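Read the structure below first, then the notes.
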């Protein structure tokens, strides 16, 4: 029902020329792919054209900035900070984790994209008691990669990834989303 309601709400907006831009990578993949798989075809009363329209016009925020080169139309400070970038699993699976790296580099940041796997959280997985120790073990692999990186700060687009990364340094603030670093580079 949620997928149907979302597509029925968004399709008229997209048909009127608007794009759907989301911050959380999981939400982007859900609208770009998962809802398409759930609703496309005879099993759904949602028109296939509406499903396709929403799917084709949904973007993650950094994907949108990159695809439309919006960062090239604004004056940016020249940041001296280098960033360690941990991409989100869903972006990696859909081959869309490069957008943030490109935008941040064009903004003037040095960016070290980690060749990392899952942060260990997998949404709510890492919060569940039966998965907690596994989540922490996976997180330690990521923490080691972060420690080996030359970045001054860590950025990650996924909320659960940022939560896990915060755990590596007790008392440290949660790492920012890449769009926050782009905003910081605005003149």
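Numbering (the numbering used here), first residue to last: 13 to 199. Ideal Cβ placement from N, Cα and C applies to all residues, glycine included. Being a predicted model, the structure only gives us computed values, none of them experimental.
query = Going straight from the alpha carbon of residue 124 to that of residue 31, what length do you get?
reply = Locating residue 124 in the chain shown gives position 112, counting from the first residue. Locating residue 31 in the chain shown gives position 19, counting from the first residue. Taking C-alpha positions only, residue 124 is separated from residue 31 by approximately 30 Å.
query = With contact counted as at least three CB pairs below 8 Å, one residue from each stretch, are the segment 35 to 51 and the segment 151 to 163 in contact?
reply = Contact check between the segment 35 to 51 and the segment 151 to 163: fewer than three CB pairs, one atom from each, fall below 8 Å, which does not count as touching.
ask   = Which word fits residue 187, buried or exposed, when buried means at least 16 other C-beta atoms lie within 10 angstroms of its C-beta?
value = What you label residue 187 is simply residue 175 of the chain shown in a count that begins at 1. Buried is the call here.
message = Here's the rule: buried if 16 or more other CB atoms are within 10 angstroms of the residue's CB, otherwise exposed. What is residue 150?
response = To locate residue 150, count along the chain shown from 1; it is residue 138. With 16 or more Cβ atoms within 10 Å of its Cβ, residue 150 is classed as buried.
ask   = Tell me which same chain residues have a C-beta within less than 7 Å of the C-beta of residue 98, skipping the five on either side of it?
value = Working through the chain shown from its first residue, we reach residue 98 at position 86. For residue 98, the CB contacts under 7 Å within the same chain, skipping 5 residues up- and downstream, are 126, 128, 131, 154, 166, 168, 173, 177 in chain order.
request  = Identify the continuous alpha helix (DSSP H) that holds residue 49 and give its terminal residues.
outcome  = Taking the first residue of the chain shown as position 1, residue 49 is located at position 37. DSSP places residue 49 in the uninterrupted alpha helix (DSSP H) bounded by 47 to 51.
task = Less than 8 Å between the CB atoms is what I'm expecting for residue 108 and residue 75, so what's the real figure, rounded?
result = Within the chain shown, residue 108 is the residue found at index 96, counting from 1. Within the chain shown, residue 75 is the residue found at index 63, counting from 1. Contact between residue 108 and residue 75 holds: their C-beta atoms lie close to 6 Å from each other, under 8 Å.
query = Nearest to residue 115 by alpha carbon, out of 41, 28, 14, 72?
reply = Translated into positions along the chain shown, residue 115 becomes position 103. Residue 72 is the option with its Cα nearest to residue 115.
task = Could you round the C-beta distance between residue 190 and residue 112 to whole angstroms and report it? I think they count as a contact, below 8 Å.
result = Taking the chain shown and counting its residues from 1, the one referred to as residue 190 is at position 178. Taking the chain shown and counting its residues from 1, the one referred to as residue 112 is at position 100. The beta carbons of residue 190 and residue 112 sit about 4 Å from each other, so the pair counts as a contact at 8 Å.
query = Should residue 102 be labelled buried (16 or more other beta-carbon atoms within 10 Å of its own) or exposed?
reply = Position 90 of the chain shown, counted from the start, is the residue given in the question as residue 102. Buried, because 16 or more other Cβ atoms sit within 10 Å of the Cβ of residue 102.
ask   = Can you tell me whether DSSP reads residue 175 as helix, strand or coil?
value = The sequence position of residue 175 within the chain shown is 163, counting from 1. In the structure shown, residue 175 sits in a helix (DSSP, three-state: H, G or I).
ask   = Which of the three DSSP states, helix, strand or coil, is assigned to residue 79?
value = The residue you call residue 79 lines up with position 67 of the chain shown. The three-state reading of DSSP puts residue 79 in helix, counting H, G and I together.
ask   = Taking the DSSP output, what are the residues bridged to residue 167?
value = Translated into positions along the chain shown, residue 167 becomes position 155. According to DSSP, which records beta bridges pairwise, residue 167 is partnered with 97.
ask   = Looking at residue 65 and residue 34, is the spacing between their C-beta atoms short of 7 Å?
value = Translated into positions along the chain shown, residue 34 becomes position 22. Translated into positions along the chain shown, residue 65 becomes position 53. Contact flag unset, no.
ask   = So, helix, strand or coil for residue 72, using DSSP?
value = For the purposes of this step, residue 72 is taken as residue 60 along the chain shown, with counting starting at 1. Looking at residue 72 - three-state DSSP - the assignment turns out to be strand.
ask   = Can you tell me the Cα-Cα spacing of residue 100 and residue 40, whole angstroms?
value = Sequence index remark: in the chain shown, residue 100 carries index 88 (1-based). Sequence index remark: in the chain shown, residue 40 carries index 28 (1-based). Put simply, the backbone Cα of residue 100 is about 11 Å away from that of residue 40.
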